[in-house]
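Enquirer: In this note's numbering, the protein residues as written are 32 to 554.
1. Would you mind sorting residue 50 into buried or exposed? The rule is 16 or more other CB atoms within 10 Å of its CB.
2. Alpha helix (DSSP H) containing residue 394: first to last residue?
3. So is residue 88 buried or exposed if we call it buried at 16+ other beta carbons inside 10 Å?
4. Leaving out five residues on either side along the sequence, give the residues of the same chain with a beta carbon under 6 angstroms from the beta carbon of residue 389.
5. Under 8 angstroms between the Cβ atoms of residue 190 and residue 307?
6. If contact is defined by three or more beta carbon pairs under 8 angstroms, each pair taking one atom from either stretch, is the stretch 460-479 in contact with the stretch 496-512?
7. Quick one: Cα of residue 484 to Cα of residue 476, how far?
8. In three-state terms, what does DSSP make of residue 244?
9. Any chance you could list the alpha helix (DSSP H) runs of at least 4 consecutive residues sitting entirely within the stretch 373-454, in chain order?
10. Any idea if residue 393 is buried or exposed, counting beta-carbon neighbours within 10 angstroms, 16 or more meaning buried?
11. Comparing alpha-carbon positions, which option in 323, 465, 444 lies nearest residue 255?
12. Are the beta-carbon atoms belonging to residue 403 and residue 415 less than 8 angstroms from one another?
13. Consult DSSP for residue 494 and reduce its assignment to one of helix, strand or coil.
14. Within its chain, find whatever has a CB closer than 7 angstroms to the CB of residue 116; leave out the 5 residues flanking it on each side and keep chain order.
15. Going by C-alpha to C-alpha distance, which of 264, 198, 277 sits closest to residue 233?
16. When you compare the CB positions of residue 80 and residue 114, do they come within less than 8 angstroms of one another, or not?
17. Can you grab the Cα-Cα spacing for the pair residue 112 / residue 517, in whole Å?
18. Between the alpha carbons of residue 456 and residue 105, how many angstroms are there, rounded?
19. Across the stretch 54-61 and the stretch 304-320, are there enough close Cβ pairs to call them in contact, namely three or more that are closer than 8 angstroms?
20. Mind reading off the beta-carbon distance from residue 356 to residue 283? Whole number of angstroms is fine, and I expect it under 8 angstroms.
21. Taking contact to mean at least 3 C-beta pairs separated by less than 8 angstroms, is the stretch 255-275 in contact with the stretch 175-188?
22. Kindly indicate which three-state DSSP category residue 321 falls into: helix, strand or coil?
23. Classify residue 228: buried if its beta carbon has 16 or more other beta carbons within 10 angstroms, exposed otherwise.
24. Would you report the Cα separation of residue 305 and residue 235, rounded to the nearest angstrom?
25. Buried or exposed for residue 352, please, with buried defined as at least 16 other CB atoms from any protein chain shown within 10 angstroms of its CB.
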């Protein structure tokens, strides 16, 4: 009877079948019996939040979703910021419920190894804890992400097909950069000789693929012109030979079109393979940099990332500078590699400039002010070396082009705060008000990053871009290239940079102790 009683007491409770629980999910959620559970489980939970951010941005790509309500894109992008913050925010000192569960499992494994007797209450508690695993909403997000990979796969296949087809320019940035590369092969200055009539003759350009300006026939108005208006104005202006209503300047730094020179030299106007290659390289770098157990998340998030696939499909320059930034941040322990790739990024597109102050804070907080100054000098030298020939060629035209996104009278548009005015919920505010809000948001982001940089240097990917949400122009493409790189930084198998950065302090402290010299206080 006693033996039967003991057997009944130690009989484990069989886990119940959970809703939306499938065997393949163990590739994404580590079992609690794994030796690396304490390390992997928090990263996988953060990956779920980043998946939420990617899914919200993917929802913004649903055709005509803004026609339902102009506030839907605003809420989707804002929600993606919140989800991304939940994924990368620093861990609190106080133990959360999940950390208590991790501690419980650790103690249980220790007790099991020492063959400590377990009571019926302990066994039942363990079974109930093991049943929990990933929560229902986390499993639901995983299933939804798998479904969204269908859309990502469609864009992937469509991009590959377009790489083999006649060139299609869905944004004027790509067409202007391609034209700039062609002009350079002809010995002409892209910053002075770029013009709309020549661009229209060379490429098939749709009016809605241009950037209209509030001048000429579009002067003294704020509402974005319709497709019919753009077509009519473009036809009229082309006949007169003057097209002031459309942006004709090369509006990016020189590396934006220097990377397209190989295509121009072989007289191939289809530059889409470059941007597809950039995204493939980003995914490859992610695959190589994260822990092996997190590689299924790399494949899932990269395919479900409809926003980045949309940018790739459209030949958006954001994919190129994102690749440079990714390498710069992942290799932040290597001074030259990191600084050189950051220099390449800022020599490609102006949005990369927003990352420079955050990079400076990261270098200062982790490596000291001398190292920060050295890196900024290297970065500036690389960017200057690439752009200097064009500055010397015609510095006025160069700066007029590079500063065009700020100085030229562009129409307000985007998914940020300005969407309340474009949807006529509130009147348009003066453009300077949006600029002041953007600058204020940037200052707050720098303060927030200073506080989180030590533990979460990857949070720069959120803080650097968020101020653009308050800007006069807040295109959704500005925000599409931050979630997946943030996951890469978060999941990289390298140790946190601060451990590398201050490893020399131990040696230095010992040397100073031997010499009886006080150790200096770090930042």
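From the three backbone atoms N, C-alpha and C, an ideal C-beta is built for every residue, glycine too.
Expert: Quick look at the numbers:
1. exposed
2. 387-398
3. buried
4. 480, 491, 495
5. yes
6. yes
7. 11 angstroms
8. strand
9. 387-398, 400-424, 426-433, 435-438, 450-453
10. buried
11. 444
12. no
13. helix
14. 493
15. 198
16. yes
17. 12 angstroms
18. 13 angstroms
19. no
20. Not confirmed; about 15 angstroms, so no contact.
21. no
22. strand
23. exposed
24. 20 angstroms
25. buried
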